[in-house]
Amino acid sequence: MSTPLSQLGEDATIKRLLRHAATNPGLLQGPGDDCAVVRGDDHWDLLLKTDAVIEGVHFPAGTPPELIGRKALARAISDIAAMGGLPEHALITLLAHPGRPVEQLEGIYSGLNLLASDFGISLAGGETSSLPHEGLVLSIALTGRVESGRAILRSGGSPGDILCVSGRLGGSFASGRHLSFTPRVALARWLISQDLSPSAMMDLSDGLGTDLPRLAAASQCGYHVFLNRLPCHEHIDISHAVSDGEDYELLFTLPPASWTRLSALQPPTPITPIGHLTDGAVTPLKSGWQHFAH
Numbered sequence: 010m011s012t013p014l015s016q017l018g019e020d021a022t023i024k025r026l027l028r029h030a031a032t033n034p035g036l037l038q039g040p041g042d043d044c045a046v047v048r049g050d051d052h053w054d055l056l057l058k059t060d061a062v063i064e065g066v067h068f069p070a071g072t073p074p075e076l077i078g079r080k081a082l083a084r085a086i087s088d089i090a091a092m093g094g095l096p097e098h099a100l101i102t103l104l105a106h107p108g109r110p111v112e113q114l115e116g117i118y119s120g121l122n123l124l125a126s127d128f129g130i131s132l133a134g135g136e137t138s139s140l141p142h143e144g145l146v147l148s149i150a151l152t153g154r155v156e157s158g159r160a161i162l163r164s165g166g167s168p169g170d171i172l173c174v175s176g177r178l179g180g181s182f183a184s185g186r187h188l189s190f191t192p193r194v195a196l197a198r199w200l201i202s203q204d205l206s207p208s209a210m211m212d213l214s215d216g217l218g219t220d221l222p223r224l225a226a227a228s229q230c231g232y233h234v235f236l237n238r239l240p241c242h243e244h245i246d247i248s249h250a251v252s253d254g255e256d257y258e259l260l261f262t263l264p265p266a267s268w269t270r271l272s273a274l275q276p277p278t279p280i281t282p283i284g285h286l287t288d289g290a291v292t293p294l295k296s297g298w299q300h301f302a303h
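In terms of this note's numbering, the sequence shown is numbered consecutively and its last residue is 303.
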């Protein structure tokens, strides 16, 4: 008997596919976090990330090609930021129908190159292939580095830790912000430089209502959210701030003493405390994006 993906949903599908995933001693953190962490040298561990954007899912047809390339790379950089790391090298896989104008692909690479230059990333190679139908798929494999043993995982939170979010939430896709956001590498590195490394962290790509339960589950905690404290974009209500997704802000936890110190500082991006982790009880939240369910 076959099981459709729509019946399982994204998280259960991934869990099922990775039940018997191969590994070796060099892998420090595998599936289930924003990036994989691989043993490096005495100073740095290696971060590995792959991400894809698909026409009709992550951007509509007619989107300026430079913004397509920018978004594809920015999404992967955001995951490096969520581990507290620095991005380094990217491999680009591009799938397109043979009828698509080459000028559009040149525009995509222009957007890739501009953002890569901003973050000191090399476009080190990749792959191109044709699609048998109209459409476009752009996949990014990105490496990064983080101080040895210092990668910030989703699983480090504890009951009582303060839940924090950077920036503002909601309305990203409708407004076009999903194409022009800035990955929060600078903020993550600033927290580390201030000896305020989060106990757990991830980026908000699928919406607070989907991503917060993932972080809490990884930390074996529940969560309490003060919904009236959510930092919403102008004209965005709380429901959309919770469920819209595509924000690419950082969601992280800090022990109360660390939050007290942080609240006296001026971070490079505004940070809002929105609640805390609990022993198990959760605040009901409207779910965000779930692949295979839409």
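Glycine included, each C-beta is placed from N, C-alpha and C at the ideal position. Computed from a predicted model, the values in this text were never measured in an experiment.
Margin query: Mapping the DSSP letters down to three states, classify residue 274 as helix, strand or coil.
Written below: coil
Notebook entry, point to check: What do you get for residue 176, buried or exposed, if any count of 16 or more other CB atoms within 10 angstroms of its CB means buried?
Noted result: buried
Check: Which residues mark the beginning and the end of the beta strand (DSSP E) in which residue 285 is found?
Finding: 280–287
Checklist line | Proximity to residue 206 [Cα-Cα], best of 245, 47, 166 | finding: 166
Notebook entry, point to check: With a cut-off of 8 angstroms, do at least 3 Cβ pairs link the stretch 222–234 to the stretch 158–172?
Noted result: yes
Checklist line | Check whether residue 46 and residue 174 have beta carbons under 9 angstroms apart | finding: no
Note to self: By the three-class DSSP mapping on this structure, what secondary structure does residue 137 have?
What the structure shows: strand
Notebook entry, point to check: From 195, 58, 139, 34, pick the residue whose C-alpha is nearest to that of residue 42; which is it?
Noted result: 58
Margin query: Please give the ranges of any beta strand (DSSP E) in the stretch 175–245, keeping only runs that are unbroken, at least 3 residues long and fully inside the region.
Written below: 209–213, 231–234
Next item on the list: Compare the C-beta of residue 193 against all C-beta atoms of chain B and say whether one is closer than 9 angstroms.
Entry: Although the question refers to chain B, the structure presented lacks it and comprises just one protein chain.
Notebook entry, point to check: To the nearest angstrom, how far is it from the Cα of residue 271 to the Cα of residue 192?
Noted result: 20 angstroms
Note to self: Buried or exposed for residue 40, going by 16 or more other Cβ atoms inside 10 Å?
What the structure shows: exposed
Check: Assuming residue 105 contacts residue 145 under a Cβ cut-off of 8 angstroms, what Cβ separation, rounded to an integer in Å, is found between them?
Finding: 5 angstroms
Next item on the list: Below 7 angstroms CB to CB, which residues in the same chain sit around residue 276 once its five sequence neighbours on both sides are set aside?
Entry: 196, 199
Margin query: Does residue 250 pass the burial test, meaning 16 or more other C-beta atoms within 10 Å, or should it be called exposed?
Written below: buried
Checklist line | Residue from 67, 37, 63 whose Cα sits closest to the Cα of residue 53 | finding: 37
Item checked: Per-residue DSSP class, three states only, for residue 98 -> strand
Check: How far does the beta strand (DSSP E) with residue 152 in it reach, from first residue to last?
Finding: 145–156
Check: So is residue 80 buried or exposed if we call it buried at 16+ other beta carbons inside 10 Å?
Finding: buried
Note to self: Please report the distance separating the alpha-carbon of residue 113 from that of residue 147.
What the structure shows: 13 angstroms
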